[in-house]
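For the numbering used here, add 328 to where a residue sits in the sequence shown, where the first one is 1.
Comments concern the structure below.
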Amino acid sequence: MKTNDYVDYMTKTIVKYIDQPRDERKRMRIERKQERASFWYRWFGILPYYIYLEVKNRKK
Numbered sequence: 329m330k331t332n333d334y335v336d337y338m339t340k341t342i343v344k345y346i347d348q349p350r351d352e353r354k355r356m357r358i359e360r361k362q363e364r365a366s367f368w369y370r371w372f373g374i375l376p377y378y379i380y381l382e383v384k385n386r387k388k
């Protein structure tokens, strides 16, 4: 990718972001955070996450 293409892409992305209403940007940010996998799953994988959930459920 040439530098000019990259600058063009970044400019379009920034302008698109700025043109959005503030409330919509905030809503999209909140939705992205909710869609993220939990800390345990992201950092340690599925098996430790499963063990963590089992231990947590047994305490209840």
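Ideal placement from N, C-alpha and C gives every residue a C-beta, glycine not left out.
Do you know how far the Cα of residue j is from the Cα of residue i?
i	j	result
W371	V383	18 angstroms
R355	T341	18 angstroms
P376	Y369	8 angstroms
Y380	M338	41 angstroms
D336	Q348	19 angstroms
Note down, in chain order, each residue of its chain lying with its Cβ closer than 6 angstroms to the Cβ of residue i, except the 5 sequence neighbours on either side.
i	result
E390	It is not possible to answer for residue 390, since the shown part of the chain is limited to 329 through 388.
Residues in its own chain within less than 8 angstroms of residue i by CB, not counting five upstream and five downstream?
i	result
D333	none
On the DSSP letters alone, give me the boundaries of the alpha helix (DSSP H) that residue i sits inside.
i	result
Q362	350-363
K344	331-347
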